[in-house]
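**Q**
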Amino acid sequence: MNFKETDAQTTTRTYNRDAIEAKTGNLYESIVIMAKRAEQINQEMKTELLQKLDEFASHTDSLEEIFENREQIEVSKFYESLPKSTSIAIKEWLDDNIYFRYPTTEEEEK
70 MNFKETDAQT
80 TTRTYNRDAI
90 EAKTGNLYES
100 IVIMAKRAEQ
110 INQEMKTELL
120 QKLDEFASHT
130 DSLEEIFENR
140 EQIEVSKFYE
150 SLPKSTSIAI
160 KEWLDDNIYF
170 RYPTTEEEEK
């Protein structure tokens, strides 16, 4: 799922607890799965933002060359206006877009 095109909430919202709990049968397991997905989304967003901002980086130590860059500000504002990673993860969870599985006993022994 592309986090730039998601229709996740940008503000605080109350969700139906039963809908979140339904897939695992345990509210806390569902929250852990969504939290792990939110961490993945956050890392993707951070990596992409840093790559874009690196294009504007000045690799000199001269203070005279540091100035306000409008394009850099626009990129930063765009990423600030995106929904938070937790909102995106909740939306993916409720739309059945998150795959999760329980480790088998063989994987646990490793």
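Just so we're aligned: the sequence shown equals residues 70 to 179 in the numbering used here. All C-beta atoms, glycine included, are put in the ideal place defined by N, C-alpha and C.
1. Can you find the residues in the same chain that come closer than 8 Å, C-beta to C-beta, to W162, ignoring five residues on each side of it along the sequence?
2. Classify D165 as helix, strand or coil using the three-state DSSP reduction.
3. Is the separation between the beta-carbon of L96 and that of R82 shorter than 9 Å?
4. Between the C-alpha atoms of Q112 and V144, what's the straight-line distance to the nearest angstrom?
5. Rounding to the nearest angstrom, what Cα-Cα distance links S156 and E74 in this structure?
6. How long is the line joining the alpha carbons of A84 and N166, rounded to whole angstroms?
7. Look at the alpha carbon of S154 and the alpha carbon of I110, and state the distance between them as a whole number of angstroms.
8. Taking the alpha-carbon of E108 as reference, which of E124, A158, F125 and E117 has the nearest alpha-carbon?
9. Work out the CA separation of D164 and A77 for me, nearest whole Å.
10. Given that a residue counts as buried once 16 or more other Cβ atoms are within 10 Å of its Cβ, and exposed if not, what is K160?
11. Have a look at Y148 and T116 and give me their C-alpha separation to the nearest angstrom.
**A** Judging by the given coordinates:
1. I89, K92, S99, I102, M103 and R106
2. coil
3. no
4. 17 Å
5. 13 Å
6. The question names Ala, but residue 84 in the sequence shown is Tyr. One C-alpha to the other measures close to 17 Å.
7. 6 Å
8. A158
9. 11 Å
10. buried
11. 12 Å
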